[in-house]
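Below: one structure, written as structure tokens.
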Amino acid sequence: MSATDLDLTRPAASRAAVMWRRFRRNRAAVLGLVIFAAVALAALLAGVITPGDPLRLAGQPLTPPLTVAASPFGTDQLGRDILAGILHGARISLLIGVVATVISIAIGILIGAVAGYFGGWIDDVLMRITEAFQTIPSFVLLLTLVAIFGSSLTSIVIGIGVVSWTAPARMVRAEFMTLRQREFVDAARNLGVGNASIIFREILPNALPPVIVFASVVMATSILMESALAFLGLGDANFASWGNMIGQGRAVLREAAFCTVIPGVAILLTVLSFSLMGEGLNDALNPRQKK
Amino acid sequence: MQTPLTRLLSAAGALALALPAFAQETPPEVKRGGTIFSHIIAEQGVLNPALRASTGVYQITGKMIEPLIDKTYDGYVGVLATEWSSSADGKAITFKLRDGVRWHDGEPFSCDDVAYSAMNLWKPLLNYSSTLQANLESVDCPDPLTAVFNYSHPMPLALMVAAMPDLGHPVPKHLYEGTDILKNPHNQAPIGTGPFKFQEYERGQYIIAVRNDDYWRGKEYPYLDRVIWRIIPDKAAAAAALEAGELHESPFNGLSMADLERLGNDPRFDMGTKGFENNVAHETVEFNLRNPILADVRVRQAIYHGLDTDFAIKTIMRGYAKPGRGPIPSAGGENYTDDVPTYPYDPAKARAMLDEAGYPADANGVRFKLRHRPAPWGEYTTLWSQYYAQAMKEIGIEVELLTNDTPGFLNGVYRDHDFDTANGWHQFRSDPAVSTTVWLRSGAPAGTAWSNQFGYESAEMDSLIDAAAEELDPAKRADLYHQIQRLEMTDLPVIFAIEHPFIGITSKKLINHHNTPRWDSSSWYDLWIDE
Amino acid sequence: MSATPILQIEDLRISLPAGADRPYALEHLNLTVNAGEIVCLVGESGSGKSLAANAVMRLLPEPRVHVSAGRILLDGEDVCSRSEAEMRKLRGDRMAMIFQEPMTALNPQKTVGWQIDEVLRLHTDLDRKGRKARVLEILADVHIPDPASACNAYPHQISGGQRQRVMIAMALVMNPRLIIADEPTTALDVTTQKQILRLIKEMQAKHGTGILFITHDFGVVAEIADRIVVLRLGELVESGPADQILNRPQHPYTRALIAAVPALTPPPHKPLSDAPVVLRASNLRKSFAARGGLLSGRRNAVVAVKDLSFALRRGETLGVVGESGSGKTTVSRIVTRLLESDSGEVMIHDRDLIRASRADLRSLRKDIQMVFQDPMASLNPRKRVVDLIAQGPIVHGVPKAEAHARARELLELVELSPAAADRYPHEFSGGQRQRIGIARAIAMQPRVIVADEPVSALDVSVQAQVLRLLADLRDRLDLSLLFVTHDLRVAAQLCDRIIVMQKGEIVEAGPTAEVFAAPEHSYTQALLSSIPGRDWQPPQLSVA
Amino acid sequence: MPSILVYLLRRILQAVPVILLIMVGSFLLIQLAPGDAVDALVGDMGGADAAFVERMRQEYGLDQSVLVQLWRYLVKLAQFDFGWSYVYEQPVATVLMSRLWVTMLLMVGALSAAFVIGVALGTLAARRAYSLTDNVISTLGLIFYAMPSFLLALLMILVFSVKLGWLPVSGIKDIGAFHTGWRLWVDIARHLVMPVAALSLIYMAFYMRLMRTSVLEVMDLDFVRTAKAKGAGGRRLMFHHVMRNALMPVITLLGLQISTVLGGSVVIETIFALPGVGQLAYTSVIKRDLNTLMGIIFLASIIVLVVNIVTDMIYAWLDPRIELQ
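Chains as they are written, first to last, in the working numbering: chain A, 6 to 296; chain B, 976 to 1506; chain C, 133 to 676; chain D, 29 to 353.
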């Protein structure tokens, strides 16, 4: 029969290649990738372009941008170089974005997967806990955590992760509740595959794409949350972070708006790049959503 | 014992003379009426200066509740008291009270109110006053207008007088007696004798006080109809409000330095430190001597040499400050001296001293690391802590900043002593004995804020402090304080790096503003608005 | 009847967007529908039959998919040149459409009455009262029992058959010249399907409407078609009067399609009564309680299976037949213990599957494997074929290399190229995927295979191949088959014995041939008489 | 009618354990923070002596063990007594009530603006999918989303208050003007324009994007094709068939985000000096005003509960398939 022998002439394109092709089709996503690459490059090369401690005195305080060659973005009220702050701050922002996201997604996956897969009372208990976390305004909870553990970068990152897991958890749970009814899960159970293996090896890879897309949202919110904390003066003062720069630049907003606007634009672009890439990832990973 | 008494009496007399003089000085075209909008940065839970001694409280209650004595540029003048004197042994201080003063509810003011306030509020409930009045045994009222304070140990009259503007506010006995004082509703709706009467407190928004038509200084006072304080915690918002004409004045660094300087150049505003002389504070670097590195005085001195206070004054305080010379600020009057050891900025020397102390730099240029707790008291302290960290890096000390909120900071520093260095403010309260020397004396229980967190123990310092507290002769007293200053600048448990008054900004429409050294805490009876 | 046909499609071509697997969805389509005529457009998936229907209504997802050549004439007027506004006036008025899945085709948020009323509001000047009267009238026309209350019902509150009646009412309410019915009975149970087909014929006779009826099912075609047009991959292969196409098809494709239609003649009864029983289920019972905790209120439990017993002998195929809601799928899940039953036992070789411990269950699972309905959903899309097939043996301790080698052999057994091993499921067609599913089941070397509607998602021609493969493997490997299906034709072809289920109970059981020849229970009789085209005996055709 | 009451009662009973979990959890969590209300008070006053500190701890009951404090708190809470605010020296209920309306106005304003504009623009973008309009709207949405709200707030103050003088800088009303009646409300509205805009922008972006996707999805559904086949089109199709269905995920999101909005108001209220619950929450945390913070969390729980019930009811109203149970 002709149908039994499939036409295997078509070379099976690798998954990555297919996804890249779909991603690339979204021009905005490519723009996002470019911005993100620029931010990543800035983080990577911060030590090369602006060597030394970005917090050290680099020139006359409040030098406006484009007036002194050594500090093309100007200096803040303690004479710290803003360009150095932006470049080194990229490290902090990316670090916060990535680590906080990994934490929140990891917690979210664990809780969502267990709740969604097992259902019943386990689901009830986990969902009550999730609701409790969701009920307390996350920023207020974050403020409390920072009050408890201090404004160190570590506690801020963990804090952001801990207050942002509920949305991924609900999302993973919903995915699991749908996927656990799919026949391939029954098929695996029918083969005698254990629960843990079904959760993490069978269902999770299928539940991941929307979560990965959502991760770009979490990453963006993480950066915004850190900057809001720093804006209130609760950032970690040991590092040049964009939030810290805005928080302090605010005091000289009228006199030297560039101290606020430059890091503000940096945040805006970075968050924008995450969202744009998120859209592209959505195209790449969930092609059925867009015909 | 005669000299101080005479001088103080004459000061009181001067007020009596000054009163008509003031009236004459006031231009004839004084305009009556109008409302003043003043900025207050923090919400006040309690509007009772006999329960809460802080400028935030005085700023509001000063208009409604008057002290026994106030401080002017001409010295201490009587407000609710007219004369004061001390017994020879210094154990009894007598106040003559002003006649014809009535509380806002119409009841007459008398010695009963003073005695009640002193025994039931000042001594047990008022912060700092508890220390000041620790030895107060009773207050006698030989007649309704005479109050005699009896002490078990000698109480220097100068100390008592200097403390009274802040810690000497009587409240009406008839409204407090028999109630739970801390929950008395008048703590939020004060009844006083001042030129303005409390009208309304809208939480988080504003407080309104209106003219007291029955003010003891005469029917012509006050000139204003109304004072409204707007609560704006955000400095940038306050700056914009001031600029938009929604505020007339913002005291106590209520705006950021940048905005103060910018608006100071605006012809519509007066900006400066005038009127804040009584509220001087130090930016500090505080050491934990329990750390063996910092226990070495050479290290502490080297750190002082590593600090470019002039740079910090210029960038952080925009020049509105001067280098500190120990625990007593230059505003401290006769108790102040500048004859003390100093540690000018000299990073090379600082490095050499650190080398000598046995802390050479490693391959990365780092000698040792310090965990630093910056106080969250706003712009100055935050920037100063960051400057400190930068400056230390230059001399090879790595500083890690451990940022916390107020309770976290106070706990870390004062209760747990979990810090190597810290920075914050120290506010000078008229006399070193009120709150300054407590800081340097050993033996305070752990956990009390602004008590010796350094682990600094010096028998010499302790005995100097104790002696000064009971010394009745002003000259000898001053000399003891000079010794204390010198000893502190030698032992250096804390660096009083920069001395700065507060800065205020005021619309030029206000006439007679900032005409006393604690103007924003004063009653504003002579303030008027030209519009 | 008027001289001009109601619908004339001339040389129609529909273009697909660049990058699709072919440039045109449809080419050179010629078709005529006259008044009072039912024209069946027949084809398998991908033939372009639905696009043709949408093109007539001008409901193609333009501009990506669009008519690029040809004409569509409605009553002699070209539809393609109309503006969108003019089209809106035509749609629902002069031509109407009935869709496959009445549940999704009706707006869930609006009442039935509102949705029919909307047509009247769009196309008539009737006042509220007049419209209401007309809605009730048309609902009565399509034999909705209580039109007044049906009016206020939401789509989810009425049965599937009723919903399709509502759809028909909505299509008929303006007495259109043309109705396009796109697989209108595919989603329905046979008994309902029969009623709906009867209704369509009745309405058509009454109003003289022209109907373009799209279907893949030759049984349905035999039931109602006047004329037939057969499509394959966008091309018209054959058209003509029903009798001619059904009984004397010319084109090889048509012939193959018709040959693949399972005949209603059951296989001869195999004497199996002496073969050992491999699986014995007794007194199975399952009810579904509404989910809820302490505070969330109770709902009455729904009994899905009550007191069910049967035995399956070695080498035997036992069919479980029933309509939706009969509990047949629940049976397949309980027997494999994918669902916990409330009581009863399932004995496989003297071991009770229902009460087996975790460890025992694991080893028991080897003996009873399953083939699932949806070949897409039952294969994990993230796993390669070889991993899918080898997964079971690996879980049960077979070394990975050995399991993989065996998996590749199995691919051959199910007539797939060994090269398929390293591909992912989405690269295969539906029939191929089902073969992979079968290979996965066989890899465990089970005694019993439970097949839950394994061919219902497949095209007719593929269906036949998969059924043949199953029968073949059963015989070669001496397997027993529990075959769950709603399709009596399929059951007739494969099963030695059948159980007919209704509402969780067995109403009739026996050798397939006997049940088909002389059904005893009235429900079985109804089922059998509802099989579409049961009077049409597909011709014995030789397929090239 | 009684069935809806039974439903409400059941929802409230279901919420009790969650709220209890929240309250106990938060109480214990806050206790982990270093320092207490008295420390904060002392910090505010610029210092106090040991005797004063001890006296205040006793007064506030902070000298007791955590479990005793928790038990006392829960007993009071059961009688709907939220305790005493250490910072404001008032009953917590009074403190909350005087600020709740500001936050409610801010939140309701921001969410309705975000919802209405977001849904409208999202629908428009979906109707003109992949056109220039869509690109402009989608790009705007992304920028709105990426714009830190405080940065926007600062820029708006600079432009609209300082440069143009159109809108008041801060506060909830014109203090000292003593407006009454409708003038007061106009005044309040003027004060809320910028805070509402700053707070709503990110949610507007959320709803816009979600609505666009949702409309596109619904437009692909069968019943929309049915409606088209009936001859419906244009606005009628959008309004009756597409939007109502497409709104469902947006409403779900709205319900889920309510507490996030409350959190977002912290920064906005601080910048615009609005005397609301957000600012209060921030102050309560840094001043360890335990009772007030607990009161806010309780209030947030109630708001979330109410909003969830309301969204479920809207859901049931929009989709007759869903029964309230």
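Cβ atoms here follow ideal geometry from the backbone N, Cα and C, with glycine treated the same way. Just so you know, these numbers come straight off a predicted model, no measurement behind them.
Within 8 Å, strictly: CB atoms of residue i and residue j
| i | j | result |
| --- | --- | --- |
| C:E562 | C:L590 | It should be pointed out that residue 562 of chain C corresponds to Gly in this sequence rather than to Glu. Taking 8 Å as the Cβ cut-off, C:G562 and C:L590 qualify as a contacting pair. |
| D:V224 | D:L195 | no |
| B:N1102 | B:A1028 | yes |
| A:F189 | A:A118 | no |
| B:W1059 | B:T1069 | yes |
| B:A1138 | B:L1107 | yes |
| B:E1224 | B:S1482 | yes |
| C:V616 | C:E637 | no |
| C:A573 | C:L613 | no |
is_contact[residue i, chain C] using C-beta, thresh 8 Å
| i | result |
| --- | --- |
| D:L346 | yes |
| D:T254 | yes |
Supposed close pair residue i, residue j - CB separation, criterion 8 Å
| i | j | result |
| --- | --- | --- |
| D:T254 | C:L238 | 7 Å |
| C:L440 | C:L416 | 4 Å |
| C:A187 | C:L173 | That pair is no contact at about 12 Å. |
Proximity test, Cβ basis, 8 Å: residue i and chain D
| i | result |
| --- | --- |
| A:V246 | According to the sequence provided, residue 246 of chain A is Ser. The question's Val does not apply to it. No, its Cβ sits nowhere closer than 8 Å to a Cβ of chain D. |
| B:D1188 | no |
| B:D1209 | yes |
| B:Q1428 | no |
| C:E194 | no |
| A:G269 | yes |
| B:F997 | With a pLDDT of 45 at B:F997, under the threshold of 50, the predicted position of this residue should be treated as unreliable, though the coordinate-derived value follows. Closer than 8 Å: no. |
Limits of the alpha helix (DSSP H) - the one that residue i falls within
| i | result |
| --- | --- |
| C:D225 | Premise fails: C:D225 is in no alpha helix (DSSP H) and is neither H nor E. |
| D:Y343 | 318-346 |
| C:Y655 | 654-662 |
| B:W1400 | Segment 1400-1402 is the beta strand (DSSP E) holding B:W1400; no alpha helix (DSSP H) there. |
| D:F80 | 78-88 |
| D:H219 | 209-247 |
CB contact check: residue i to chain A, cutoff 8 Å
| i | result |
| --- | --- |
| C:P531 | no |
| D:F178 | yes |
Limits of the beta strand (DSSP E) - the one that residue i falls within
| i | result |
| --- | --- |
| B:A1056 | 1056-1061 |
| A:G94 | It is not in any beta strand (DSSP E) - A:G94 instead sits in the alpha helix (DSSP H) that spans 87-123. |
| C:N162 | 156-165 |
heavy atom of the ligand MN below 7 Å from residue i C-beta
| i | result |
| --- | --- |
| B:M1232 | This structure simply doesn't include the ligand MN, nor any ligand for that matter. |
Chain B contact for residue i (CB, 8 Å cutoff)
| i | result |
| --- | --- |
| D:T131 | no |
| A:Q186 | no |
Do three or more CB pairs link the region 78-90 of chain D to the region 285-302 of chain D at distances below 8 Å? no
Decide yes or no for the touch test of the region 617-625 of chain C against the region 384-397 of chain C: beta carbon pairs closer than 8 Å, at least 3 of them. yes
For the region 370-387 of chain C and the region 445-461 of chain C, state whether three or more C-beta atom pairs, one from each stretch, are separated by less than 8 Å. no
Assess contact between the region 1166-1179 of chain B and the region 1190-1210 of chain B, defined as three or more Cβ pairs (one per stretch) separated by less than 8 Å. Is contact present? yes
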